[in-house]
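Okay, structure first, notes after.
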Amino acid sequence: MIAVIGDKAFYSLEDAKKLHKLQYSAAEYRNLMDLAGGYSKERMLDIFRDRAKYLIERGSTLNNPKITPEYFMSWPSITKDHAGILRELIRAWLVSQPPASTSATEQATA
């Protein structure tokens, strides 16, 4: 949130709209104000969480197709040691790739 709108003690309606786009009506933006004419950092964090939840549930951006849950069904379930498992998956992928010095023509004919 701070990377998008900065670290402030008071956030304006414009800040809230920059963070959450047009997901709320004008009345909803007004009702969420917890300071006179604006928002506290805590309230902006609530708005930011709401935006993140919306984007995750939507599952895509306007330029990308929706990714269905079925797409992830064959993926390994990572419930612990996230970094270690991610390293192993990347290592396995790197090993499966052709050497960098191989030309595109050589790769296509291999």
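Heads up, the sequence shown is in this note's numbering, so the first residue is 736 and it goes up one at a time.
For glycine and all other residues, C-beta sits at the position ideal for the given N, C-alpha and C.
Check: residue i C-beta below 8 angstroms from any heavy atom of the ligand NAP
i          : result
lysine 756 : The ligand NAP is absent from the structure shown, which contains no ligands of any kind.
Cutoff 8 angstroms; reference residue i; Cβ partners in own chain excluding five residues on either side
i             : result
lysine 752    : Tyr764
aspartate 769 : Ser775, Glu777 and Arg778
lysine 743    : Asp750 and Lys776
Delimiting residues of the alpha helix (DSSP H) encompassing residue i
i                 : result
glycine 819       : 817-831
phenylalanine 783 : 776-793
lysine 743        : Taken as a continuous stretch (DSSP letters only), lysine 743 belongs to no alpha helix (DSSP H), as it is neither H nor E.
glutamate 749     : 748-755
Cβ-Cβ distance between residue i and residue j below 9 angstroms
i           : j              : result
valine 739  : leucine 754    : yes
leucine 824 : proline 811    : yes
leucine 767 : methionine 736 : no
Assumed close pair residue i, residue j - CB separation to whole angstroms, cut-off 8 angstroms
i                 : j           : result
phenylalanine 745 : glycine 773 : 5 angstroms
Residue(s) in a DSSP beta bridge with residue i
i           : result
glycine 773 : Leu770
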